[in-house]
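Everything on this sheet refers to the single structure shown next.
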Amino acid sequence: MSIKLMKSLCVGALLAVSGLGVASVASASEDGGHKMEHQKWGFNGMFGTYDADAMARGYQVYREVCASCHALEHLSFRHLGDKGGPFYNPEFPNPSDNPDVKAFAQDWSVPDIDQDNGDPIDRPGIPADKFPAIFPNAIAAAASNGGAVPPDLSLITKARTGGADYVYALLTGYHEAPHDVDMAEGTHYNTMFPGNQIKMAPPLFDGLVEYAARTVPGEHGGEAHTIAAPEATAEQMARDVVEFLTWAGDPKMEVRKKLGFATFLYLFIFSLLLFATYKQVWKGVKH
Amino acid sequence: MSGHSTYEPKYAAEKWIDKRLPIIRMGVDFMHFPSPRNLNYWYAFGGILALCLMSQILTGIILAMHYTPTAEEAFNSVQRIRRDVPFGWLLQSMHAVGASMFFLAVYIHMFRGLFYGSYKAPRELLWIIGCAIYLAMMATGFLGYTLPWGQMSFWGATVITGFFGAIPFVGESLQQWLLGGYSVGDPTLQRFFSLHYLLPFVIAALVGLHVWAVHHVGQNNPIGIDVKNKEDTLSFHPFYTMKDGFAIGVFLMIFALFVFYLPDALGHADNYQRANPMVTPPHIVPEWYFLPYYAILRAVPDKLMGIMLMFGAIVVLFVLPWLDTSKVRSMRFRPTTRRFFYIFLFMCFVLGWCGANSPDDIAIPMGEGGMTFKWLSRIGTLYYFAFFLFLLPVLGWVEKTKPLPDSITKAINDGEA
Chain A
1206 MSIKLMKSLC
1216 VGALLAVSGL
1226 GVASVASASE
1236 DGGHKMEHQK
1246 WGFNGMFGTY
1256 DADAMARGYQ
1266 VYREVCASCH
1276 ALEHLSFRHL
1286 GDKGGPFYNP
1296 EFPNPSDNPD
1306 VKAFAQDWSV
1316 PDIDQDNGDP
1326 IDRPGIPADK
1336 FPAIFPNAIA
1346 AAASNGGAVP
1356 PDLSLITKAR
1366 TGGADYVYAL
1376 LTGYHEAPHD
1386 VDMAEGTHYN
1396 TMFPGNQIKM
1406 APPLFDGLVE
1416 YAARTVPGEH
1426 GGEAHTIAAP
1436 EATAEQMARD
1446 VVEFLTWAGD
1456 PKMEVRKKLG
1466 FATFLYLFIF
1476 SLLLFATYKQ
1486 VWKGVKH
Chain B
499 MSGHSTYEPK
509 YAAEKWIDKR
519 LPIIRMGVDF
529 MHFPSPRNLN
539 YWYAFGGILA
549 LCLMSQILTG
559 IILAMHYTPT
569 AEEAFNSVQR
579 IRRDVPFGWL
589 LQSMHAVGAS
599 MFFLAVYIHM
609 FRGLFYGSYK
619 APRELLWIIG
629 CAIYLAMMAT
639 GFLGYTLPWG
649 QMSFWGATVI
659 TGFFGAIPFV
669 GESLQQWLLG
679 GYSVGDPTLQ
689 RFFSLHYLLP
699 FVIAALVGLH
709 VWAVHHVGQN
719 NPIGIDVKNK
729 EDTLSFHPFY
739 TMKDGFAIGV
749 FLMIFALFVF
759 YLPDALGHAD
769 NYQRANPMVT
779 PPHIVPEWYF
789 LPYYAILRAV
799 PDKLMGIMLM
809 FGAIVVLFVL
819 PWLDTSKVRS
829 MRFRPTTRRF
839 FYIFLFMCFV
849 LGWCGANSPD
859 DIAIPMGEGG
869 MTFKWLSRIG
879 TLYYFAFFLF
889 LLPVLGWVEK
899 TKPLPDSITK
909 AINDGEA
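Right, here's the structure in full:
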């Protein structure tokens, strides 16, 4: 009898998962464009984590390349020094004290009001500030970019079907347009972009930014050591900036997965105990 | 069936309370409620649903403390919850995934009721209250999906409220009254938030009635015959608290899988883009739990007709107790109806698949062209209504059912339960 019941429960669970699958599978197949290749990302999978060095390089690419057009409106500078963020330093549990974060904030100019006379001013950023807008408004953004508004990047890997793979494929998807394709003025041929004609000029090319070797403090008070920087090829920069942007869209991923594992373990043991109790209580009851 | 109360107050305080408001008695009687001894795991979904409702209300109340219901700030405030509110990412994920889990459980609960004939006398009102709960859930789910103010939120709300505009004569004014303007905007969002907060408590009240009704008429069971004597039943506690408890544990693992590892799998990427009235998404699709109805809506070319069919698909559920003419409750003893039920179940999935795709795309390739989703959804819609309006009434008269056991206990002893 209990085998039969277990079977029906399994069928239920299966039905559940397959039923829910319909929606997600169906939505994954839309959007035109070319093939999107699955990349190996360290943040995929049940135990996936972000690579802090790649994120730090990715921030550099964002700052030096993307930030001329694209904003990060949901992020504050202090987020960069949060646990799990690109510039987390265990010595500074409060990210606002983190010297790296302070330096990055200062590097940006943030609009404010003069406290003495109320005039609008620009001042260097502090960790508590949000990343400032790049353009004063959407019309200005469209006017400076051939009519297309550069999308905000703080959720870009979540807001596109395919996520990180899509953004990587888009950044590395610029090619010479085939002869039979009539390109509209001011567009560039991109195999990933729906319709293949994108207003954004190819943003990355080999050697565009200069990656510096990074000195990191040794763990548990050990010796500080230097990490050699990889060569700044277009692919490498694309990978790094996607790593950074994936973190920007989902900064709680690591803690989410960790807590998920603990929750799972707890529920599993709890269910086993309940099952044993159920069997014990029903012992001798024919049903 | 409710049985007489077995509660005996032991202490003076208990006696004092029991004379004035027998609330402890009610609780104790609920726990000792005689339940048929042959209930299977499909019967655990009532308890699971109660848990879902509580979880949605608790997470929702906390989310409402941090959420801002304005067109300007709604999208940002959801991001603030996910990034800066302590464990806000968990609450938001539990609430969003929780809606899907709630619907998953309610669908299983409804199909279970359909299969075992739980809507037949004397459980008609129990079933109808359940349908009312489902309707209120649909409204709550739709209103809630608008709140994050993403692209799908905005355009979903635009499409759904557009239905009301198709009503003859009063449609346009009704639509404007609902929206608080000519299109979905700030006033719409604010009233949707208010109603989204209100409706769960309406659901909770209806659940109270639903539980009261089930305690009055008693639970149905997999063989669908009445409980004859005490031997046929077991006390709810500890027998079903432990059995349901195990089922809840398994359900929570599926829940946790989505909350922690696939939080976006059930949503749409477009909803991570801020609502933009100037840009229509290429495909406007509702949440997965509305997809079959969406397919029914789009199965016919006429808008008003589509809307009537869609609402009709829910209305037939309310009158189901009088559509099914069979005297036998459980489909275990109705071999022919059972086959049609399985086709019905399959067709619901087919309709869901149609709802997720563009009507003019090819669903089943055949030779040069093939069958489009529009035609497939027409077949599904036809079957959906034929099942309720033709098959169930007719099968009840013509089907030769299998002999029913004398009692639940006898069926168990004969190995038939």
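So the protein lines, in turn, are chains A and B. The end of the first sequence is residue 1492 by the numbering used here, with every number in the run present. The end of the second sequence is residue 915 by the numbering used here, with every number in the run present. Think of the CB as a built atom: it goes at the ideal place given N, C-alpha and C, for glycine as much as any other residue. For clarity, every value in this text was computed on a predicted model and none was experimentally measured.
Checking 8 Å against the spacing of the C-beta atoms, do tyrosine 759(B) and glycine 1465(A) come in under that value? yes
Closest Cβ-Cβ distance between proline 1298(A) and chain B: below 8 Å? no
Return helix, strand or coil for asparagine 1395(A), following the three-state DSSP convention. strand
For threonine 1482(A), does the three-state DSSP call read helix, strand or coil? Threonine 1482(A) falls in the helix class under three-state DSSP.
I want to see whether chain B comes within less than 8 Å of valine 1486(A), judged by CB atoms only; does it? yes
Check whether valine 705(B) and isoleucine 631(B) have beta carbons under 8 Å apart: yes
Could you name each continuous beta strand (DSSP E) segment of 3 residues or more that falls completely within the segment 664-729 of chain B, going from the start of the chain to the end? none
Enclosing alpha helix (DSSP H) for leucine 1413(A) [first to last residue]: Where leucine 1413(A) is concerned, there is no enclosing alpha helix (DSSP H), given that its DSSP letter is neither H nor E.
Can you tell me where the beta strand (DSSP E) holding arginine 1419(A) begins and where it ends? 1419-1421
Check the C-beta distance from alanine 1310(A) over to isoleucine 1331(A) and give it rounded, since I have them as a contact under 8 Å. 5 Å
Beta-carbon proximity list for glycine 1391(A), same chain, < 7 Å, skipping 5 on both sides: Gly1351, Lys1404
Within chain A, partners of proline 587(B) - CB distance below 7 Å: Per the sequence presented here, residue 587(B) reads as tryptophan, with proline not at that position. The answer, in chain order, is Lys1457, Arg1461.
With DSSP collapsed to three states, give me the class of valine 1230(A). Here valine 1230(A) scores only 41 on pLDDT, less than 50, and its place in the model is too uncertain to base an answer on.
Count the C-beta pairs between the segment 597-607 of chain B and the segment 738-746 of chain B that are closer than 8 Å, then say yes if the count reaches three, no if not. No, they do not touch.
Do tryptophan 587(B) and lysine 1462(A) have their C-beta atoms closer together than 8 Å? no
Report yes or no: is there a C-beta of chain B within less than 8 Å of the C-beta of glutamate 1235(A)? Per-residue confidence for glutamate 1235(A) stands at a pLDDT of 38, beneath the threshold of 50, marking its modelled position as unreliable; no derived number is given.
If the cut is a Cβ gap below 8 Å, which residues of chain B does arginine 1365(A) touch? Per Cβ cutoff of 8 Å: Ala767.
Uninterrupted alpha helix (DSSP H) stretches inside the segment 793-855 of chain B (no shorter than 4 residues): DSSP runs (the alpha helix (DSSP H)) wholly in the segment 793-855 of chain B: 801-821, 833-853.
Please give me, in chain order, every unbroken run of the beta strand (DSSP E) with length at least 3 that falls completely inside the segment 593-666 of chain B. none
Return yes when the Cβ of histidine 694(B) is within less than 8 Å of the Cβ of glycine 642(B), no when it is not. Yes, the pair counts as a contact, with Cβ atoms nearer than the cut-off.
Between the alpha carbons of tyrosine 881(B) and cysteine 846(B), how many angstroms are there, rounded? 9 Å
Three-state secondary structure (DSSP) at leucine 1472(A)? helix
I'd like the list of long-range same chain contacts for alanine 1493(A), defined as Cβ closer than 6 Å, with 5 residues on each side in sequence excluded. Beyond the ends of chain A as shown, which are 1206 and 1492, falls residue 1493(A); an answer cannot be given.
Taking 8 Å as the CB-CB cut-off, is glycine 1465(A) touching chain B? yes
Whether leucine 696(B) touches threonine 686(B) by CB criterion (8 Å): For leucine 696(B) and threonine 686(B), no; Cβs fall outside 8 Å.
Hey, quick one: how far does the alpha helix (DSSP H) through alanine 1374(A) stretch, first residue to last? 1368-1376
Only counting the same chain, and skipping five residues up and downstream in sequence, which positions put a Cβ closer than 7 Å to that of leucine 623(B)? Ala711
On the CB-based measure, 16 or more other CB atoms within 10 Å of its CB, does isoleucine 1432(A) come out buried or exposed? exposed
Starting from the beta carbon of aspartate 762(B), find every residue of chain A whose beta carbon is closer than 7 Å, and list them in chain order. Lys1363
Three or more beta-carbon pairs under 8 Å between the segment 882-893 of chain B and the segment 804-815 of chain B, yes or no? Taking 8 Å as the limit for Cβ pairs, the verdict is that the segment 804-815 of chain B does touch the segment 882-893 of chain B.
By the DSSP assignment, the alpha helix (DSSP H) with threonine 1451(A) in it spans what residues? 1439-1454
Determine, for methionine 1251(A), whether the minimum Cβ-Cβ distance to residues of chain B falls below 8 Å. Cβ-Cβ to chain B under 8 Å: yes for methionine 1251(A).
Closest to methionine 776(B) by CA distance: which of Trp653(B), Gly544(B), Arg836(B), Leu802(B) is it? Trp653(B)
So, is glutamate 506(B) buried or exposed, given that buried needs 16 or more other C-beta atoms within 10 angstroms? exposed
Using a 10 Å radius around the Cβ and a threshold of 16 neighbouring Cβ atoms, would you call tyrosine 670(B) buried or exposed? According to the sequence displayed, residue 670(B) carries glutamate and not tyrosine. Under the 10 Å beta carbon count, glutamate 670(B) is surrounded by fewer than 16 other beta carbons and is classified as exposed.
Are the segment 528-535 of chain B and the segment 730-742 of chain B in contact at 8 Å, needing three or more beta carbon pairs? yes
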